[in-house]
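Visitor:
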């Protein structure tokens, strides 16, 4: 009886883990469009794929980490929606980072061990983002500027 309950619990936890795990779709099969916005002293990055997927609501699993003058956005893949409403739609995601003082930063975007780099300049008057090296992302800049 105890063994059966443990097995059921392990199976249940495994199912939950699989539903939240990012899915992979081959080698760099999509590009990403990104837009930045300043919202309540945070910088919010809206991410959209250039490819479409068979269900409405695919999510891009991503995080943002700051290390000194570098902000890294890591994208881990896509999370399939449950239930799947069949229609062609882009995957979307959002990350935010805060506490950046005025100055210049490197914005690194990482997906499947490929990196794009941008120069992010924040000031009281205007915020700028300029490409340094870009292969799979298109950064549209700040929405407020």
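In my numbering, the protein residues as written are 1 to 145.
Glycine residues also receive a C-beta, built at the ideal position from the N, C-alpha and C atoms.
Only a predicted model underlies this, so the values are computations on that prediction, with no experimental measurement involved.
Could you tell me the alpha carbon to alpha carbon distance between residue 108 and residue 118, rounded to whole angstroms?
Guide: The alpha-carbon atoms of residue 108 and residue 118 are separated by roughly 6 Å.
Visitor: According to the Cβ coordinates, are residue 136 and residue 36 closer than 8 Å?
Guide: No, they are not a contact pair.
Visitor: Measuring CB atoms only, is the segment 112-127 touching the segment 81-93, in the sense that at least three cross pairs come out at less than 8 Å?
Guide: Flag = no, the segment 112-127 and the segment 81-93 do not touch.
Visitor: Would you say the beta carbon of residue 59 comes nearer than 7 Å to a heavy atom of the ligand COA?
Guide: Within the structure as shown, the ligand COA is missing, as the structure has no ligands at all.
Visitor: Could you check whether residue 98 and residue 41 sit closer than 8 Å to each other, using their CB atoms as the reference points?
Guide: yes
Visitor: So, under 8 Å CB-CB, residue 146 and residue 94 are touching, yes? Tell me the CB distance rounded to an integer number of Å.
Guide: Any question about residue 146 goes unanswered here, given that the chain covers just 1 to 145.
Visitor: With DSSP as the reference, label residue 63 as helix, strand or coil.
Guide: strand
Visitor: Among 115, 72, 49, 87, which has the Cα closest to the Cα of residue 78?
Guide: Taking the Cα of residue 78 as reference, the smallest distance to any Cα among 115, 72, 49, 87 is reached at 49.
Visitor: Which residues does DSSP pair with residue 55 in a beta bridge?
Guide: 86
Visitor: Taking C-alpha atoms, which residue in 101, 130, 61 lies nearest to residue 112?
Guide: The residue from 101, 130, 61 with its alpha-carbon nearest to that of residue 112 is 61.
Visitor: Can you tell me the Cα-Cα spacing of residue 134 and residue 65, whole angstroms?
Guide: Distance between the alpha carbons of residue 134 and residue 65 is about 19 Å.
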